[in-house]
Amino acid sequence: MSIKLKCKAVRETFKKENYYIIAFEPITPYPNELKLSKYFNFSCCGEYPYITIGKTYEMVIEELKVDRYGTSYKILSVPSLDEQDFHNLSRDEALEIMMDITSSERIANNILDVYPQFLEIILTDGQDAIDTKLIRGVGAVYLSAYVRNITNKYKYYHIVKKLTEYKIDITDCKNLLAEFKDEDGIKEALKDKPYYVLIEVLSRKFEQVDKMLMEIRPDLEDSEQRCEALMMVVLRLNEESGSTRLGGNILYKYMRDEYEVPTLLPHIKNVAINSDIVYYDDKSKDLSIMSTYLGELKVANFVKENLLNNKKLDIDIEKYRNIGEFSLSDMQMNGLQNFCDSNISIIAGFSGSGKSQSVKGLVQLMEDNKMSYLLLSSTGKASKVLGESCNRRAYTVHKKCYEGDINVDCLVVDEAGMLSLETMCMLINAIINPNIRVVFVGDYAQVSAIGLSKIFEDLIKCNKVPTTTLTEIFRYKSNGSLYVATNIRNGISFFDDKEMCKYNEPNNSFSVCNNYKFIQREEAEIADTLIEEYRNLLKKGVKPKDIMVLTAMNVKELGTYELNNKLQAEFNPPKPNELYLERTVTNGKGKTTILFRKNDVVLNTKNDYRAISYEAYQELEKSDGKLEEEDVCDSFIVNGQLGIVVEILKNGMVVNFDDELIYVSKHKLRNILLGNILSIHKSQGSSVDYTISVIGKSQSRMITRGLLYVETTRCRKAHVDIGDIQTFVDGLEIVDNDLKCTWLKELMEDD
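Mind the numbering: the sequence shown is residues 11 to 761 in the numbering used here, read in order.
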C-alpha cells in the first residue's frame, strides 16, 4: 500500500555509491498508517541521490521492510520533483538549486553569470557544452562533480520514473545514456530489443530478465531475440573455462536439457547466422560470442600482417654471444637471430633454460643498435622480476596501455603464457608503430593462463611464427629446485632417486642438494609446520618480502584465506586500540573474516583503472563532500599487484603498491586479500628468494603436474614443500589437459 505525504529530509544515515538510507521527518498532518521511529522520523532505503538534506518534498512511499531497527520505506515517486521546469527558471530559482550542487554561493553565481541556463544546458547537451576557462574558480574536476550531481538529482530521476516497469535504477541510467545517448534512444531500444538492453548493456541475469519480460512482453516468448539471449548465456558459461568457441551441437543440447524452452530450439541456427552478437562458423558449426571471436581475429591479423611486412635487420649477432660472465648457447643465439630476421618471434623455454639470459642479449643488441624498446609483462610481479633480471625498467602491459600510445621499435613481452585475450587486444590497440618488432617470451610447461584464449600456445603450435625452443636445463644436478621442477615437467617421481634425493628420518623429510626439501606431515600438522618454517627463515634474517607461501586453493583449511589469517595472527598480531578493517569471503560452504592491519601484505585481485592516490584522497577530504571518488581517480593498480598497508583510516586504508601510495576505500576492499600466501595460479610470473608450498590430501583434486611445476619454479634460492607425498606423486600423473577450445591457431593457419 502506497502512502502520500509531505516530509523533510533531515539526515543521511548511510551512503555507499548510489545507495542511501535517509531519515525523513513528516510534516503534519500526515497519514495515520505511517510508522514512525521513537525519534519521530522514518527511513527510506534505496538509490536516492536526487534527495537533498534539508529540503522538503512531496513523496509517495511504500513499506519496504520491518526489522529490529523499525520500519523502512521505499520512495515510489516525488511529485514535487516531477513539476520542476528547467526551461523557465528565474535567477533566484536557479541559484537555489545551484547552491545545493556547488561548493559556495560565490561559485554558484560565477557559473550563472556566464551560463544563466546552466542547468538546462547540462541536462540537454551535457558537460562538453561548458567551457571552464570562462568560469572563475571552477576547474574540470569540480565541474565534473557538479554535472554528476545535477544528472543524479534530476536527469536520472526522470528516466527511472518513466521506465518503472523495467526496474531501471539510478546506476543503470549512466550505462544506458552512454549506449543510447538520450531518453528517447533508451525507450526505443527497450521497445525493440529489451533482452539486449537488459542483459548485454545492464549485465542482468537471463533468468531475472526473462521472468520479468514474460510478464510485461509475452509477445517475446517465441522470439529470436529471446533465443539469442539464451544462446549468449550458454556461450558465457563456456568462456568461464577460458574457451572461446563452442560446438553448435553442444549448445543445442545444453539449451534443450537445461532450459524448458522447446519453442526456441528451432530458432538457433537462424539466430546464429543473423545475430550481431553471436559468431557462427558454417564450416565447423562452432559458435562464439562475436566480440570474443573478433578479439582473436584481431590478434591473428596483427601477427600475420607483421610477418607479411617483415623487415630483416643486418646485425652481427655474434657480438652478443657473451653477456657479462655468461655465454649464450647456439640455441639461445637462435632467439637473437629470429629477432633480426622477423618482426614477430617467440622464445619458449622451461625454468632454468636460460630465457632471462636470452632477453639480456636482446636488450644489449637493441641498445647498441639505437632501437627504442619496452620490456613488458602481464602482471606487476612478473614485470618486477623482468626488470630486476635485466637491470632495466619493466612495466605491466596494463600500465603502458593506460599511459597512452606505444610507439617504440621493439617490444619484449615476458611471461607470454599468461597473456589473456583481453590483455593482448589492449596491447595491440595501444601499438601505433606499424613496423614494430615483438618478441614473446614464456614457459609453456606452466598451467594455462587464467582468462580467455591460449595465445602463447596457439602462436607456437600454428608454426607460422619463428620460434626458439630452449630445452637445455642449466645446473640440473646442482640446483635442487630445478632438478625437482624438471622431473615434475617430465612426470617423473624423484623420491626414489638415491643419488639426488636424501631421506632425513628425524624430520620425516626428503632433500635435494641444499635448496629443496619435502616435509611429510599429516593434514592437521601442515599449518603449524608452515609457521615453523616461515619463522626459521625470519630467524636467518630473511625479510618477509623475500618469502612467498603458496597453496593450490583459496578455500578450506589449507586455502589462502585461512592460512593468511593464521600467518597474520602469528607475525602481525593485533595491538591494543589498533584500527583495522575487515571483509568477509565465502570459504567453501562457510565464511571467513579477513582483517586488514597496518604492515599487512595485501593482494589486489582486480584491475582498477580508477584507483585513487593518497594525494588525491586528501583533496577529496578537503572538498566538503562536493567531490566523490570518481572525480579524483588518478591512478590504477592491476590484478595480482602486492602492496603493504601503511595506514588504516576510518573509511579505508592507504597501501604502498610499488612505491605509490594508493587509497583503498571500504567498498573496494572486495578486491583486496591478505597477500603473504598466494594461490599457485596467482604466483605465476613471480620470483622470490624463498618459497614454501603446502600439498595436502584435501587439495588432491587440484594438484596436477602443471601446478606442481609452477610452485617449484618460483624460488631463486630455496623451496620447501609441506604435506602428503602420495598426493604429490599422484599429481605427477595428471597432465594438465588444456581443454580450452579457441580460434587463434586456426585463424593463423588460414591464408
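Cβ coordinates follow ideal geometry from the N, Cα and C atoms, glycine included.
A quick note: this is a predicted structure, and the numbers were derived from the prediction, not measured.
Requested in this report: Leaving aside the five residues before and after E765 along the sequence, list all residues of the same chain whose C-beta is less than 7 Å from its C-beta, in chain order.
Outcome: Any answer about residue 765 is impossible in this case: the structure gives the chain only from 11 up to 761.
Query raised in the report: Exposed or buried, which one is L144 when buried takes at least 16 other CB atoms within 10 Å?
Result: exposed
Query raised in the report: Who are the Cβ neighbours of L589 in its own chain at under 6 Å, not counting the five residues just before and after it?
Result: I658
Report task. Give me whichever residues DSSP pairs with F24 in a beta bridge. Result -> I31
**Report entry** Exposure label - D267; buried when at least 16 CB within 10 Å
**Finding:** exposed
**Report entry** Of the residues I333, I672, Y206, K474, the one placed nearest V288, counting alpha carbons only
**Finding:** Y206
Query raised in the report: Can you tell which of K676, V698, D123 has its C-alpha closest to the C-alpha of K26?
Result: K676
Requested in this report: Use the C-beta contact count for I160: other C-beta atoms within 10 angstroms, 16 or more gives buried, fewer gives exposed.
Outcome: buried
Query raised in the report: Going straight from the alpha carbon of L200 to that of C237, what length do you get?
Result: 17 Å
**Report entry** Through-space distance from N417 to K410, alpha-carbon basis
**Finding:** 11 Å
Query - Inter-residue Cα distance where the pair is S285 and T302 - result: 14 Å
Query raised in the report: Which residue's Cα is closest to the Cα of A534: R715, Q342, Y627, D734?
Result: D734
Requested in this report: Identify the continuous alpha helix (DSSP H) that holds L223 and give its terminal residues.
Outcome: 216-226
Query - Three or more C-beta pairs below 8 Å linking the region 356-367 and the region 435-447 - result: no
Query raised in the report: To the nearest angstrom, how far is it from the Cα of N473 to the Cα of I604?
Result: 48 Å
Query raised in the report: Assuming N614 contacts N649 under a Cβ cut-off of 8 Å, what Cβ separation, rounded to an integer in Å, is found between them?
Result: 7 Å
Report task. If I'm right that S355 touches V271 with Cβ under 8 Å, what's the distance once you round it to whole angstroms? Result -> That belief does not hold up - the Cβ atoms of S355 and V271 are roughly 49 Å apart, past 8 Å.
Query - Beta-carbon proximity check, N316 vs N353, cutoff 7 Å - result: yes
Query - Assigned exposure category for Q736 - 16 Cβ within 10 Å defines buried - result: exposed
Query raised in the report: Based on Cα-Cα distance, which residue from D77, I169, K215, N518 lies nearest to G195?
Result: I169
Query raised in the report: Which runs of the beta strand (DSSP E), 3 residues or longer, sit entirely within the region 655-688?
Result: 662-667, 670-675, 682-684
**Report entry** Contact under 7 Å by Cβ, M69 with V88
**Finding:** yes
**Report entry** Which listed residue (V373, S387, E509, K321) has its alpha carbon closest to that of R402
**Finding:** V373
Requested in this report: Compare the beta carbon distance of K370 and I325 with 7 Å and say whether it is the shorter of the two.
Outcome: no
Requested in this report: Identify the continuous alpha helix (DSSP H) that holds H729 and give its terminal residues.
Outcome: Run containing H729: none in the alpha helix (DSSP H); it sits in the beta strand (DSSP E), 725-733.
Query raised in the report: How about S388 and M428: are their beta carbons less than 7 Å apart?
Result: yes
Query raised in the report: CA-CA distance, Y29 and E592?
Result: 20 Å
Report task. Please look up how many angstroms separate the CB atoms of A495 and Y719, rounded, as I've assumed it's under 8 Å. Result -> 6 Å
Report task. Identify, in the order they occur along the chain, each residue of the same chain with its Cβ nearer than 6 Å to the Cβ of D644, setting aside the five sequence neighbours on each side. Result -> S623, A626
Query raised in the report: For S352, which of helix, strand or coil comes out of DSSP?
Result: coil
Query raised in the report: Between R499 and M712, what straight-line distance do the alpha-carbon atoms span, to the nearest angstrom?
Result: 17 Å
Query raised in the report: Smallest Cα separation from R227: which of E567, P204, L247?
Result: P204
Query raised in the report: For L304, does the three-state DSSP call read helix, strand or coil?
Result: helix
Report task. Just the C-alpha distance for R255 and M265, rounded to the nearest angstrom, thanks. Result -> 16 Å
**Report entry** Minimum C-alpha distance to I536 - residue among A155, L560, S253
**Finding:** L560
Report task. Name the residue from P59, E250, G345, T602 whose alpha carbon lies nearest to the alpha carbon of I299. Result -> E250
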